[in-house]
Amino acid sequence: MKIVDYKEVKAEAVDFEDVKDVKVRWLISDKDKAPNFAMR
Numbered sequence: 001m002k003i004v005d006y007k008e009v010k011a012e013a014v015d016f017e018d019v020k021d022v023k024v025r026w027l028i029s030d031k032d033k034a035p036n037f038a039m040r
């Protein structure tokens, strides 16, 4: 089980058209060997 404070996860800029000043913190992603699950 992964337990992490969301503030310890780096906020990454969102790169979409018409999106400005938005960041996302990927708490669970494919980097955690969870290819079918994403938690932001």
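This note's numbering numbers the first residue of the sequence shown as 1 and each following residue consecutively.
For each residue, glycine too, the CB sits at the ideal point set by N, CA and C.
Alpha-carbon spacing of residue i relative to residue j, whole angstroms
{"i": "K10", "j": "R25", "result": "6 Å"}
{"i": "D15", "j": "K23", "result": "9 Å"}
{"i": "A34", "j": "K20", "result": "28 Å"}
{"i": "D18", "j": "K31", "result": "27 Å"}
{"i": "F37", "j": "I3", "result": "16 Å"}
{"i": "S29", "j": "K7", "result": "16 Å"}
{"i": "A13", "j": "M1", "result": "27 Å"}
Pick from the options that is closest to residue i, judged by C-alpha positions
{"i": "M39", "options": "L27, D21 and K31", "result": "L27"}
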